[in-house]
Amino acid sequence: MRHFRTRRYGPFEDTRRKRLALARKQRLEREKLPLFSEMIAEEQPDADTVMAQRAEQAVIWEQNTRGRRAANWRRARSRLFAYGDNIRRNPAGTLE
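Sequential numbering of the sequence shown, starting at 855, is according to the numbering used here.
The structure is reproduced here in structure tokens:
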């Protein structure tokens, strides 16, 4: 079996485009219900809060994803080693 390294994502980057997308999303939420736009605006968090939450969620997501992939890897390895010698092959392709 070969194990291929996956590309690791860097830390969450707070960019101008993400802030503009957040502002657009919040504006559309307010425009969707014009009678309640003031109430919706009060409940919407500011951009700094949202970006901080996204940074925290990105770290948690990365940990969960890596943990899930590691668990799948361990499960596959245990299944492989559960086979008898008549099923498993060595890297050269001949029976062990």
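Using N, Cα and C, we set each Cβ at its ideal position, and we do this for glycine too.
- Close CB contacts of Glu883 within its chain, under the 8 Å cut and outside five residues either way in sequence, are with Ile894, Gln898 (chain order).
- Minimum Cα-Cα distance from Thr869 among the listed residues Ser932, Glu916, Arg933, Ala901 corresponds to Ala901.
- In its chain, beyond the 5 residues on either side, Gln898 have a beta carbon closer than 7 Å to the beta carbon of Gln880.
- If only uninterrupted alpha helix (DSSP H) runs of at least 4 residues are considered, those enclosed by the region 890 to 935 are 891 to 897.
- About 6 Å separates the CB atoms of Arg908 and Phe866; that is less than 8 Å, so the two are in contact.
- The Cβ-Cβ distance between Leu876 and Val904 falls below 7 Å.
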